[in-house]
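Since the structure comes first, as structure tokens, the remarks are kept for the end.
Residue numbers (our numbering), protein chains in the order written: chain S, 2 to 115; chain E, 30 to 144.
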């Protein structure tokens with residue numbers, strides 16, 4: 002069965018510090034991967050996506066993620082966190098073989114301390 | 030481009046009544062639309078997939094007769110929660126995909142509260 006694991010439920014970082022949010026997946030097909038951000042009571046905003054090609058992808062708001070097939074991971078990174086980055090982050094995985102349905106991780110809540 | 034809207038953004042209804050939520054793709058034709066449910070402090074769970082002009086495919090454990098989905102056109106899908114109960118209170122999010130893209134475009138969500 003397809004699954005997505007975000008091991009960290011909460012992460013707290015200081016403003017200006019670097020950030021890495023972890024995402025691991027288990028999929029029986031060639032996946033494509035997404036990172037979304039959600040502010041309280043709001044919908045999802047796409048940060049970045051990986052379909053194929055260069056395994057290091059750049060997204061909006063200074064975020065990047067690296068697809069590592071050998072580790073089944075797609076970790077999200079940002080070199081310097083801003084207070085406005087505080088939100089919940091979801092990793093999602095899909096595959097053409099599974100009808101393009103997305104499976105979401107449980108989410109990681111990011112808190113930024115000043 | 031690729032904007033998806035939902036209406037209403039929030040709704041309160043009484044137990045036993047039905048409520049309809051609309052999902053529209055504003056600037057593209059959505060051959061497939063997905064409906065998700067998100068409980069507080071939890072992730073999104075896919076409820077069903079709908080393709081224009083055909084019946085929706087429901088995920089295991091989702092009651093078809095309770096959550097009626099209609100995808101009557103390439104720009105509109107509706108989710109009707111029938112005979113709503115307090116346990117149906119949740120955040121419902123739709124997404125839409127055109128036929129050529131792997132990417133889903135998400136609506137802003139609808140907060141349903143059943144009293």
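Heads up, the beta-carbon is just placed ideally off N, CA and C, and yes, glycines get one too.
Assign residue 104/S to one of two classes, buried (16 or more other C-beta atoms within 10 Å of its C-beta) or exposed (fewer than that). For the purposes of this step, residue 104/S is taken as the residue at position 103 of the first chain. It counts as buried.
Cross-strand partners of residue 119/E (DSSP beta bridge): Locating residue 119/E in the second chain gives position 90, where the first residue counts as 1. In DSSP, residue 119/E forms a bridge with 141/E.
Residues sharing a beta bridge with residue 55/E, DSSP: For the purposes of this step, residue 55/E is identified with residue 26 of the second chain, where counting begins at 1. Residue 55/E pairs with nothing; no bridge assigned.
Quick test of the definition: if touching needs 3 or more C-beta pairs under 8 Å, does the segment 36-45 of chain E touch the segment 21-34 of chain S? no
Who are the neighbours of residue 141/E on chain S, taking C-beta pairs under 8 Å? Counted from its first residue, the second chain places residue 141/E at position 112. Residues of chain S passing the Cβ test: none, with the nearest at roughly 13 Å.
Roughly how many whole angstroms lie between the Cα atoms of residue 27/S and residue 2/S? Numbered from 1 along the first chain, position 26 holds the residue referred to as residue 27/S. Numbered from 1 along the first chain, position 1 holds the residue referred to as residue 2/S. When rounded, the distance between both Cα atoms is 8 Å.
Touching by the beta-carbon criterion (3+ pairs, under 8 Å), the segment 71-83 of chain S and the segment 41-56 of chain E: no
Neighbour-count burial assignment, residue 18/S, 16 or more Cβ in a 10 Å radius: To locate residue 18/S, count along the first chain from 1; it is residue 17. It counts as exposed.
Quick check on the burial criterion: 16 or more other C-beta atoms within 10 angstroms. Buried or exposed for residue 97/S? The count along the first chain starts at 1 and reaches residue 97/S at position 96. Exposed, because fewer than 16 other Cβ atoms sit within 10 Å of the Cβ of residue 97/S.
Give me the subset of the segment 41-67 of chain S whose CB atoms are less than 9 Å from a CB atom of chain E, sorted by chain position. 42, 43, 44, 45, 46, 47, 50 and 52
Other residues of its chain near residue 87/E: CB distance less than 6 Å, five sequence neighbours each side excluded: To locate residue 87/E, count along the second chain from 1; it is residue 58. The residues are 77 and 93.
Whole beta strand (DSSP E) elements within the segment 84-138 of chain E, 3-residue minimum: 96-102, 105-110 and 119-126
Using a threshold of 6 Å, is the CB atom of residue 31/E nearer than that to any non-hydrogen atom of the ligand NAD? This structure simply doesn't include the ligand NAD, nor any ligand for that matter.
Between the alpha carbons of residue 63/S and residue 82/S, how many angstroms are there, rounded? One-based indexing of the first chain puts residue 63/S at position 62. One-based indexing of the first chain puts residue 82/S at position 81. Looking at the two C-alpha atoms, the distance is approximately 9 Å.
Give me, in chain order, the residues of the same chain whose beta-carbon lies closer than 6 Å to that of residue 11/S; leave out the 5 immediate sequence neighbours on both sides. Taking the first residue of the first chain as position 1, residue 11/S is located at position 10. Cβ neighbours of residue 11/S beyond the five flanking positions: 110.
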